[in-house]
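Novice:
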Amino acid sequence: GNSAKSMTIDNDGNLKIHPPVTAEEHQQKFKEFKFFQEEGLDKGYDKMQKILTQMNTFKIKPKPEDVNIKFLRGLPPSWSGIALIPKTKGELEYISFDDLYNKLKFLE
């Protein structure tokens with residue numbers, strides 16, 4: 018994304034990008050969430066879980082519906098048809114992120 022990132026150069030001259038450390042940086046990471054076709058559904062799920070865990074350390078708990086919508090919007094374009102199924106059923110506010118993942122895994 019376009020968010021500012023903390024960077025340093027190590028002893029070998031390699032650029033090091035540091036992970037988010039403030040609540041705002043974690044929220045930005047959540048806001049910009051997406052993953053790529055090559056990463057697969059499992060990797061995308063792990064990525065979102067990591068962001069949610071980090072946000073939780075700052076007592077930031079997005080609503081389940083917001084997490085589900087963010088995850089569906091972060092899916093690669095090839096998933097657009099599959100992602101419509103839970104959206105059109107209107108169940109995003111009633112199911113957990115884990116349940117959404119399991120439904121998508123089943124539809125995969």
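For the sequence shown, the numbering used here gives the first residue as 18, with consecutive numbering after it. C-beta atoms are modelled at their ideal positions from N, C-alpha and C, and glycine is treated no differently. Since the structure is predicted, the reported quantities are computational estimates derived from the model, not experimental observations.
(1) Please work out which residues of its chain come closer than 6 Å, Cβ to Cβ, to G18, disregarding the five sequence neighbours upstream and downstream, and give them in chain order.
(2) So what's K60 in DSSP terms, helix, strand or just coil?
(3) Check whether the Cβ atoms of R90 and K51 sit closer than 9 Å, and answer yes or no.
(4) Hey, F47 and L69: beta-carbon distance below 9 Å or not?
(5) Assuming the contact rule is C-beta atoms closer than 8 Å, L58 and L101 should be a hit. Round their C-beta distance to whole Å, please.
(6) If you count every other CB in all the chains shown that lies within 10 Å of the CB of G98, and 16 or more means buried, which is it?
(7) L124 bridges to which residues according to DSSP?
(8) Between the Cα of S113 and the Cα atoms of S95, E41, W96 and E82, which residue gives the shortest distance?
(9) Give the straight-line distance between the Cα atoms of G61 and D29, rounded to the nearest whole angstrom.
(10) Can you grab the Cα-Cα spacing for the pair W96 / E108, in whole Å?
(11) Would you please state the rounded distance, in angstroms, between the beta carbons of L117 and N85? I believe it to be under 8 Å.
Specialist: Here's the rundown:
(1) Per-residue confidence for G18 stands at a pLDDT of 45, beneath the threshold of 50, marking its modelled position as unreliable; no derived number is given.
(2) Looking at K60 - three-state DSSP - the assignment turns out to be helix.
(3) yes
(4) yes
(5) Actually they do not touch by this definition, with Cβ atoms about 16 Å apart.
(6) exposed
(7) In DSSP, L124 forms no bridge with anything.
(8) Nearest C-alpha to S113: E82.
(9) 31 Å
(10) 18 Å
(11) Contact between L117 and N85 holds: CB atoms are separated by about 5 Å, below the 8 Å threshold.
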